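Engineer: Right, I'll just put the structure down here and ask away after.
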Amino acid sequence: MLQVRIKKKLGNFLLDVDFSMDGGIFAILGASGCGKSMTLKCIAGIERPDEGRIVLNDRVLFDSAKRINLPPQKRKVGYMFQDYALFPTMNVVQNIQAGMGRKPDPKKVREYITGFQLGGLEHHMPDQLSGGQKQRVAMARMLAAEPEVLLLDEPFAALDSYLKWKMEQQMLELLQKVQTPVLFVSHSRDEVYRLCDTVSCIHQGRMEVIEPVKEFFRNPKTKTAALLSGCKNICAVEAMESHRDGNWLWTLDWGVGIRVSKEALQARTIGIRAHFFTKEKPSEGCYSEFPVGEYRIMEDPFEWNVSFRKDRSCEWLQWKTAKTDWDPSEGVPEKLYVKEENLLLLDIDTDNRR
Amino acid sequence: MEQMMEFMKGLDWSPLLISLKTGVVATILSFFGGIYAARQVVKAGPKTKAVMDGILTLPMVLPPTVAGFFLLLIFSVRRPFGAALYGNFGIKVVQTWLGCILAATVIAFPLMYRNARAAFEQVDANLVYAARTLGMSEIKIFWKVVIPSAGPGILSGTILTFARAMGEYGATSMLAGNIPGKTGTISQKIAMVIQDGDYGTAGFWVVVIMLIAFFVVLVMNLLGSGDNKHKKRW
Chain A
1 MLQVRIKKKL GNFLLDVDFS MDGGIFAILG ASGCGKSMTL KCIAGIERPD EGRIVLNDRV
61 LFDSAKRINL PPQKRKVGYM FQDYALFPTM NVVQNIQAGM GRKPDPKKVR EYITGFQLGG
121 LEHHMPDQLS GGQKQRVAMA RMLAAEPEVL LLDEPFAALD SYLKWKMEQQ MLELLQKVQT
181 PVLFVSHSRD EVYRLCDTVS CIHQGRMEVI EPVKEFFRNP KTKTAALLSG CKNICAVEAM
241 ESHRDGNWLW TLDWGVGIRV SKEALQARTI GIRAHFFTKE KPSEGCYSEF PVGEYRIMED
301 PFEWNVSFRK DRSCEWLQWK TAKTDWDPSE GVPEKLYVKE ENLLLLDIDT DNRR
Chain W
1 MEQMMEFMKG LDWSPLLISL KTGVVATILS FFGGIYAARQ VVKAGPKTKA VMDGILTLPM
61 VLPPTVAGFF LLLIFSVRRP FGAALYGNFG IKVVQTWLGC ILAATVIAFP LMYRNARAAF
121 EQVDANLVYA ARTLGMSEIK IFWKVVIPSA GPGILSGTIL TFARAMGEYG ATSMLAGNIP
181 GKTGTISQKI AMVIQDGDYG TAGFWVVVIM LIAFFVVLVM NLLGSGDNKH KKRW
């Protein structure tokens, strides 16, 4: 059980984080520089929060009111750095032994070496290892110190995308085996979706939502959450005067009205995922039309990305479609459609119900 | 050839011994003192840092004779501190080998300190943080993580310190004087024989000191290259 409630002034914004976690893999998602790494550093004792309280399994690690601030050595918090921070002057075995106290048990060291597939690399120096091997050494070194919680700071950022997928698989297996709670910081939604159970997002130092990972991606609640979950089209909206055929939201940047049901009128922002546009008019239900006045086409290996807008006064929207479904030789559709159930209703104004 | 043998036989080898002894002892003192001072300065806040750094670097930027002046001011037996030292403990600095060591240490110390400091400052802070989260004690971190990472910088600091300490002239001549067989170092010997127009002896000692300097640098480079044999060449 890890409880964190801290505040720290960071440049021009305040880091204000409040959460607790109990087992499983907890992700903090955020753009770079939002304060997510700083949160981990405060928990590990590398940085000192201005105020707050951090408790790990009934041990108070930090409490500004009681003037408690345990040194990192006494916190039993494992920290894996983005660049792994392996000791460059120690070989693999010495790195793993670093956190094992005065007399490391050779049997245990052996277990870590074999458990992390480092056999044969015992006497290699860190700069002789590949990215994946470095990560395994960093993992083994961290676990050998027997921490009560693991903090992983962008563990895959230093790997190329080819290696990443394989390393994610290994990491997932490993984390399920060790049963230590994990706090995982990332800016990659794919990693978070595949690895984590619970996710929260930080925007400008503020932790906004804490949700199960599937719910976070299926139905983001805030603009930041929608952006971090990969939504390409986000726009502020205003409810329009009541109209003869139903309720409408006016999109301020896109210059189109969107037909919605009554409950949706409280949304202050809407999001549309790029692959939720269709070129065929839905045969039933509530839907909206987007005129394609101007467009630009970009090609991906397996998809077409079409940017479009109504006219020059409007912002661009993104449409993503599989190459099997559409080809530019057919011509760009004049209109694209979105069903109401595919709209993301964000920043819902609960105080101001109509 | 015979002339050369004659010259060698008549030669007083004491300057070589005195210079080497002085260099080694001053380097050892500067090594530990410099590393300790560098550690404290790196830890200190920006203002304390600026003041401490200024004081510790001063002997390097001042003319050696100014350092010699201050040393005399402190250690002269006619001054309170020097008198107390001599009266109570029988320790005499002026005109003794101790003076040689003291002068050489004071002059060479900033080289060790500045190199150690630069080396510490370029140690990746994440390594220290990682070591702390692994539960390593601060002392262990210093000796096992910081010192090895800062190794090359400390090594070059040690080389320069030794070279400077061995060649020290200005402050040494003021504090320790040039007593043959006691405080007469190679540099002082060269200066003395030149005044008599004895270019032969002066030249001999010049060659000796150049050989020693080159040998020291060579040995240190070869020792140091063990750590970075995987470094790329460019």
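Those sequence lines, one after another, are chains A and W.
According to full-length UniProt numbering, the first sequence holds residues 1 to 354 in order.
According to full-length UniProt numbering, the second sequence holds residues 1 to 234 in order.
No residue lacks a Cβ here, since even glycine has one placed at the ideal position from N, Cα and C.
Here the structure is a predicted model, which means the values were calculated and not measured.
#1: Can you grab the Cα-Cα spacing for the pair Ile91 of chain W / Thr185 of chain W, in whole Å?
#2: Apply the 10 Å Cβ neighbour rule to Arg354 of chain A and answer buried if 16 or more other Cβ atoms are within range, or exposed otherwise.
#3: Sort A:Val199, A:Gln133, A:Lys262, A:Ser229 by Cα distance to Asp245 of chain A and report the nearest one.
#4: May I ask you to report which of helix, strand or coil DSSP gives Pro181 of chain A?
#5: If you drop the 5 nearest sequence neighbours on each side, which residues of the same chain put their C-beta closer than 7 Å to that of Asp50 of chain A?
#6: Where do the ends of the beta strand (DSSP E) carrying Cys235 of chain A lie?
#7: Among W:Ala26, W:Lys144, W:Leu62, W:Val77, which one has its Cα closest to the Cα of Asn91 of chain A?
#8: How would you call Thr48 of chain W, buried or exposed, if buried means at least 16 neighbouring beta carbons within 10 angstroms?
#9: In whole angstroms, what is the alpha-carbon distance linking Gly153 of chain W and Arg141 of chain A?
#10: Count the other CB atoms, across all protein chains shown, that sit within 10 Å of the CB of Gly181 of chain W; report buried if there are 16 or more and exposed otherwise.
#11: Comparing C-alpha positions only, which one of W:Ala26, W:Gly45, W:Phe81, W:Glu138 sits nearest to Trp97 of chain W?
#12: Name the chain W residues whose beta carbon is nearer than 8 Å to that of Ile96 of chain A?
#13: Counting only C-beta atoms, is Gly293 of chain A closer than 8 Å to chain W at any point?
#14: Taking Cβ-Cβ distances shorter than 8 Å, what residues in chain W pair up with Tyr79 of chain A?
#15: Measuring only the C-alpha atoms, how far is Ile210 of chain A from Ala322 of chain A?
#16: Check whether chain A comes within 8 Å of residue 260 of chain W, counting only Cβ atoms and requiring the distance to be less than that.
#17: Alpha carbon to alpha carbon, how far is Met21 of chain A from Val123 of chain W?
#18: Indicate whether at least one CB of chain W lies closer than 8 Å to the CB of Ile46 of chain A.
#19: Could you compute how far the alpha carbon of Asp53 of chain W sits from the alpha carbon of Val42 of chain W?
#20: Can you give me the C-alpha to C-alpha distance between Thr278 of chain A and Asp347 of chain A, rounded to a whole angstrom?
#21: Is there a Cβ of chain W sitting closer than 8 Å to that of Lys335 of chain A, yes or no?
#22: Cβ closer than 7 Å: which chain A residues qualify as neighbours of Val145 of chain W?
#23: What residues in its chain sit with their C-beta under 6 Å from that of Pro88 of chain A, if we drop five residues either side in the sequence?
#24: Compare the C-beta of Gln140 of chain A against all C-beta atoms of chain W and say whether one is closer than 8 Å.
#25: List the residues of chain A that Ser149 of chain W touches, going by C-beta distances under 9 Å, in chain order.
#26: For the stretch 27-35 of chain A against the stretch 194-202 of chain A, are there 3 or more C-beta pairs whose distance is under 8 Å?
#27: How about Gln73 of chain A: is its C-beta nearer than 8 Å to some C-beta of chain W?
#28: I want to see whether chain A comes within less than 8 Å of Asp53 of chain W, judged by CB atoms only; does it?
#29: List the residues of chain A whose Cβ lies closer than 8 Å to the Cβ of Asp124 of chain W, in chain order.
#30: From the DSSP output, which residues share a beta bridge with Phe290 of chain A?
#31: Please list, in chain order, the chain W residues whose beta carbon lies closer than 8 Å to that of Ala267 of chain A.
#32: May I ask you to list, following chain order, the residues of the stretch 97-109 of chain A that have a beta carbon less than 8 Å from some beta carbon of chain W?
#33: Determine which residues share a DSSP beta bridge with Thr251 of chain A and list them.
#34: Here's the rule: buried if 16 or more other CB atoms are within 10 angstroms of the residue's CB, otherwise exposed. What is Glu299 of chain A?
#35: With the cut-off set at 8 Å, would you say Ala145 of chain A and Met80 of chain A are in Cβ contact?
Structural biologist: Reading off the structure:
#1: The residue labelled residue 91 of chain W in the question sits at position 91 within the second sequence. The residue labelled residue 185 of chain W in the question sits at position 185 within the second sequence. Roughly 21 Å between the two C-alpha positions.
#2: As a working note, residue 354 of chain A is residue 354 in the first sequence. Confidence at Arg354 of chain A is low in this model, with a pLDDT of 40, below 50, so the placement of that residue is unreliable and no value is reported for it.
#3: Against the first sequence, residue 245 of chain A aligns to sequence position 245. The residue with the shortest Cα to Cα distance from Asp245 of chain A is A:Lys262.
#4: Within the first sequence, the letter at position 181 stands for residue 181 of chain A. Three-state result, Pro181 of chain A: coil.
#5: Along the first sequence, one-based indexing puts residue 50 of chain A at 50. Lys7, Lys8, Lys9, listed in sequence order.
#6: Here the question's residue 235 of chain A lines up with position 235 in the first sequence. Unbroken beta strand (DSSP E) run through Cys235 of chain A: 233-239.
#7: By one-based count along the first sequence, residue 91 of chain A stands at place 91. The shortest C-alpha separation from Asn91 of chain A is found at W:Lys144.
#8: Position 48 of the second sequence holds residue 48 of chain W. Thr48 of chain W comes out exposed.
#9: The sequence position of residue 153 of chain W within the second sequence is 153, counting from 1. The sequence position of residue 141 of chain A within the first sequence is 141, counting from 1. Whole-angstrom Cα-Cα distance: 28 Å.
#10: The residue given as residue 181 of chain W occupies position 181 in the second sequence. Result: exposed.
#11: Locating residue 97 of chain W in the second sequence gives position 97, where the first residue counts as 1. Each of W:Ala26, W:Gly45, W:Phe81, W:Glu138 was checked against the Cα of Trp97 of chain W, and the nearest Cα belongs to W:Ala26.
#12: Indexing the first sequence from 1 puts residue 96 of chain A at position 96. Here the premise fails: no neighbours, minimum Cβ distance about 10 Å.
#13: Residue 293 of chain A sits at position 293 when you count from the first residue of the first sequence. Chain W, which has no Cβ nearer than 8 Å to the Cβ of Gly293 of chain A, makes this no.
#14: Stepping through the first sequence from its first residue, residue 79 of chain A is reached at position 79. Tyr129, Ala130, Thr133, listed in chain order.
#15: Within the first sequence, residue 210 of chain A is the residue found at index 210, counting from 1. Within the first sequence, residue 322 of chain A is the residue found at index 322, counting from 1. Using only the alpha carbons, I get a separation of about 32 Å.
#16: Absent from the structure is residue 260 of chain W, since the part of chain W shown begins at 1 and ends at 234.
#17: Against the first sequence, residue 21 of chain A aligns to sequence position 21. Against the second sequence, residue 123 of chain W aligns to sequence position 123. Whole-angstrom Cα-Cα distance: 34 Å.
#18: Locating residue 46 of chain A in the first sequence gives position 46, counting from the first residue. Chain W contact via Cβ: present.
#19: Position 53 of the second sequence, counted from the start, is the residue given in the question as residue 53 of chain W. Position 42 of the second sequence, counted from the start, is the residue given in the question as residue 42 of chain W. Taking the straight line from one Cα to the other gives about 10 Å.
#20: Position 278 of the first sequence, counted from the start, is the residue given in the question as residue 278 of chain A. Position 347 of the first sequence, counted from the start, is the residue given in the question as residue 347 of chain A. Looking at the two C-alpha atoms, the distance is approximately 25 Å.
#21: Your numbering for residue 335 of chain A matches position 335 in the first sequence. Using a CB distance cut-off of 8 Å, Lys335 of chain A does not count as an interface residue toward chain W.
#22: For this step, residue 145 of chain W is matched to residue 145 along the second sequence. The answer, in chain order, is Phe87.
#23: On the first sequence, position 88 is the one that residue 88 of chain A refers to. Closer than 6 Å at the Cβ level, and outside the excluded window around Pro88 of chain A, lie Pro126.
#24: If you number the first sequence from 1, residue 140 of chain A lands on position 140. Note that residue 140 of chain A is Ala in the sequence shown, not Gln. Chain W contact via Cβ: absent.
#25: Along the second sequence, read from residue 1 onward, the residue named residue 149 of chain W stands at position 149. Here the neighbours are Phe87, Pro88, Thr89.
#26: yes
#27: Taking the first residue of the first sequence as 1, we reach residue 73 of chain A at position 73. Gln73 of chain A counts as touching chain W.
#28: Looking up residue 53 of chain W in the second sequence gives position 53. Closer than 8 Å: no.
#29: The count along the second sequence starts at 1 and reaches residue 124 of chain W at position 124. Ordered by position in chain A, the residues that pass the 8 Å Cβ test against Asp124 of chain W are Ala85.
#30: Here residue 290 of chain A refers to the residue found at position 290 of the first sequence. Its beta-bridge partners are A:Leu336.
#31: Within the first sequence, the letter at position 267 stands for residue 267 of chain A. Those do not exist, as Ala267 of chain A stays about 43 Å from chain W at its closest Cβ, beyond 8 Å.
#32: Ala98, Gly99, Gly101
#33: Start at 1 with the first residue of the first sequence, and residue 251 of chain A comes out as number 251. DSSP lists A:Val237 as partners of Thr251 of chain A.
#34: The count along the first sequence starts at 1 and reaches residue 299 of chain A at position 299. Glu299 of chain A comes out exposed.
#35: Within the first sequence, the letter at position 145 stands for residue 145 of chain A. Within the first sequence, the letter at position 80 stands for residue 80 of chain A. No. Outside cutoff.
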